[in-house]
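The sequence shown begins at 56 in our numbering and counts up by one.
Every residue gets a Cβ at the ideal spot worked out from N, C-alpha and C, and that includes glycine.
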Amino acid sequence: MAAELTAHQLIAQHRPTLDLALETIRTRAYWSPHPEHPKAYGENGSLDTAAGKAAFDALSGTRLDLGQPGTDGWVGGEVSPYGIELGVEYPHADLDVLLPAMQAAQKAWRDAGAELRAMVCLEILKRIADRTMEFAQAVMHTSGQAFMMAFQAGGPHAQDRGMEAVAYAYVEQSRTPETAEWTKPQGKRDPLALTKRFTPVPRGIGLVVGCNTFPTWNGYPGLFASLATGNAVLVKPHPRAVLPLALTVQVARDVLTEAGFDPNLVALAAERPGEGIAKTLATRPEIRIIDYTGSTAFGDWLEANARQAQVYTEKAGVNTVIVESTDDYQGMLANLAFSLSLYSGQMCTTPQNLLIPRDGIRTDQGVKSYDEVTADLARAVDGLLGDDARANALLGAIVNPDVKARLEAASGLGEVALASREVANPEFPDAVVRTPVIVKLDGAKPEDEAAYTSECFGPVSFAVAVDSADHAVELLRRSVREKGAMTVGAYTTDPEVEEAVQEVCLDEAAQLSLNLTGGVYVNQTAAFSDFHGSGGNPAANAALCDGAFVANRFRVVEVRRPA
């Protein structure tokens with residue numbers, strides 16, 4: 056079958072976008088080709104909010120037939136954190152049939168070259184962007200994110216991260232020329248002359264193990280990094296968040312077919328209840344790359360047991376903010392309150408430990424004691440979430456019972472500075488919505504240490520009293536070194552304290568945000584400019600995105616012959 060999308064068409068349409076992405080990862084300036092305001096999607100002809108909701112609703116009661124080889128049954132059963140059944144069924148794969156078909160698809164994809172692969176990937180992302188509002192509903196009803204966050208993080212921001220991975224993949228593959236003429240002088244004899252050809256070749260099938268909380272945002276970097284470097288990609292979604300990644304696979308297979316490639320370059324591995332196929336897949340010899348976001352326990356297992364694969368993990372850490380002094384006390388409180396509340400703290404970047412000197416902090420409103428800071432922060436969170444409609448828009452829903460159990464247990468760990476409360480959601484009465492809890496602990500008491508040195512994923516934060524700024528810096532260093540951190544924050548007007556915190560973050564490879572008081576928050580990162588994770592501490596062994604994230608997904612094979 057002739058390709059409906061020719062190489063010329065793809066390059067003409069998408070090469071300018073790739074060039075802008077390449078320039079932006081060089082300058083680290085702001086740029087995004089995907090609008091992050093819902094109104095833009097009605098105005099540019101894409102699905103508006105109502106049409107996206109209708110497209111999502113139409114999926115209920117359907118089978119998402121992807122046309123994959125080896126389908127031996129159908130699986131489903133997703134229930135939204137907002138209390139509705141999604142009612143979509145997905146193909147269950149016989150791996151002994153599907154994986155060989157995926158391997159066979161790689162030859163033509165390898166031979167297409169880095170530029171055409173990048174163009175096809177950008178076409179996939181464009182098709183996804185055209186359905187952003189539908190994807191937003193799918194992300195909302197699998198992750199529990201509130202709609203606006205599901206739209207932004209699950210749509211344009213995820214698409215940006217996918218495009219960023221494609222740009223880095225192109226850079227690394229094009230670093231070596233396709234051909235070279237090599238001549239070595241031999242004095243009076245004729246020179247030695249060789250023609251050399253260098254070809255990026257894929258490692259093999261990449262496995263993307265999806266997460267429940269950010270299925271597209273966390274899934275797209277690995278998916279597109281592997282695909283753009285010539286590998287087939289098998290997507291294994293989290294059982295409670297299949298739909299967004301299944302739709303992604305559907306779009307990718309359609310585009311690959313239209314571009315004249317085998318659609319089995321991208322496939323879905325949905326699982327039966329309790330099947331636990333991630334471990335089975337992770338150790339199969341066909342799987343040569345693994346991208347994983349989730350618990351530390353399974354991430355550690357993958358790193359130890361998937362020996363045949365290059366494993367990229369984003370696990371968990373203990374994110375810390377040092378509060379030493381500030382020249383904008385109200386701005387600091389507002390910024391922290393938002394950071395603690397966004398998506399009910401169910402982000403790998405949400406601050407957990409707030410290290411506050413027990414003697415108080417210097418502010419533009421005078422010295423504030425430890426008790427005053429914690430009480431004022433509690434009031435700031437209460438003020439932010441006091442209106443139930445606004446609270447629902449920020450908090451979303453609790454994603455699973457484990458998060459709810461941790462939240463309920465947290466109040467028994469110490470004195471409660473801010474109690475969690477239930478928030479009713481009139482649109483979704485079965486949604487579990489809770490405001491954050493803030494618990495006061497003492498950094499000098501061994502009995503409190505177990506709580507604040509362990510990750511407590513969800514809307515739980517600890518206001519930890521410390522002896523001094525030096526004590527805070529010491530605790531920060533130990534925490535990042537032993538437990539890892541995706542983010543570190545600090546508020547200080549003291550250059551020496553700032554330098555000390557910065558040195559810890561440089562030594563322990565943790566991403567640092569200083570004195571954020573406006574509309575940028577420690578738990579948010581911008582594609583093409585900010586690095587998500589560093590790959591240098593126990594929280595993650597890779598960063599999204601950098602050269603190291605893509606360069607080992609392919610190898611360069613040389614063929615040389617006499618000129």
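{"query": "Same chain, Cβ closer than 6 Å to H587, neighbours up to 5 away in sequence not counted", "result": "T580, L599"}
{"query": "T572 versus L388 - alpha carbon distance", "result": "8 Å"}
{"query": "Selection from Q420, F353, K370, R461 that minimises the alpha carbon distance to T381", "result": "Q420"}
{"query": "Three CB pairs or more closer than 8 Å across the stretch 154-163 and the stretch 246-260", "result": "yes"}
{"query": "Cα-Cα separation between L75 and E189, rounded to whole angstroms", "result": "27 Å"}
{"query": "Of the listed residues A307, V612, V366, nearest to R182 (C-alpha basis)", "result": "A307"}
{"query": "Sub-8 Å separation of P270 and A486 beta-carbons", "result": "no"}
{"query": "Opening and closing residue of the beta strand (DSSP E) in which E470 lies", "result": "470-473"}
{"query": "Check whether Y54 and V605 have beta carbons under 8 Å apart", "result": "The first residue shown for the chain is 56 and the last is 618, placing residue 54 beyond what the model contains."}
{"query": "Three-state secondary structure assigned by DSSP to K291", "result": "strand"}
{"query": "Where G100 falls: helix, strand or coil (DSSP)", "result": "Low local confidence applies: a pLDDT of 48 at G100 is under 50, so the model's placement there is unreliable, and no value is given."}
{"query": "Assigned secondary structure, M56 (DSSP; H/G/I helix, E/B strand, else coil)", "result": "With a pLDDT of 47 at M56, under the threshold of 50, the modelled position of this residue cannot be trusted; read the value that follows with caution. Of the three classes helix, strand and coil, the one that applies to M56 here is coil, per DSSP."}
{"query": "Whether N596 touches T284 by CB criterion (8 Å)", "result": "no"}
{"query": "Alpha-carbon spacing of R608 relative to A520, whole angstroms", "result": "45 Å"}
{"query": "Endpoints, beta strand (DSSP E) assigned at D245", "result": "244-257"}
{"query": "For L300, the three-state DSSP class (helix, strand or coil)", "result": "helix"}
{"query": "Opposing strand residues paired with H587 [DSSP bridges]", "result": "L599"}
{"query": "Given 8 Å, three or more beta-carbon pairs between the stretch 115-123 and the stretch 233-241", "result": "no"}
{"query": "Neighbour-count burial assignment, Q200, 16 or more Cβ in a 10 Å radius", "result": "buried"}
{"query": "Residue from G438, L569, S87 whose Cα sits closest to the Cα of Q214", "result": "S87"}
{"query": "C-alpha gap between G498 and R81, whole angstroms", "result": "42 Å"}
{"query": "CB-CB length for M203 against A448, believed under 8 Å", "result": "6 Å"}
{"query": "For K181, the three-state DSSP class (helix, strand or coil)", "result": "helix"}
{"query": "Of the residues V535, R339, H293, A472, the one placed nearest A364, counting alpha carbons only", "result": "R339"}
{"query": "Q566 vs S589 beta-carbon contact at 8 Å", "result": "yes"}
{"query": "Closest Cα partner of A618 within the set A248, P406, G116, E502", "result": "A248"}
{"query": "Nearest residue (CA-CA) to L77, options V614, E613, P593, F583", "result": "F583"}
{"query": "Host beta strand (DSSP E) of N408 (start-end)", "result": "408-412"}
{"query": "As assigned by DSSP and simplified to three states, the class of G386", "result": "helix"}
{"query": "Inter-residue spacing [alpha-carbon to alpha-carbon] between D166 and E227", "result": "17 Å"}
{"query": "Within 8 Å, strictly: CB atoms of N273 and V454", "result": "no"}
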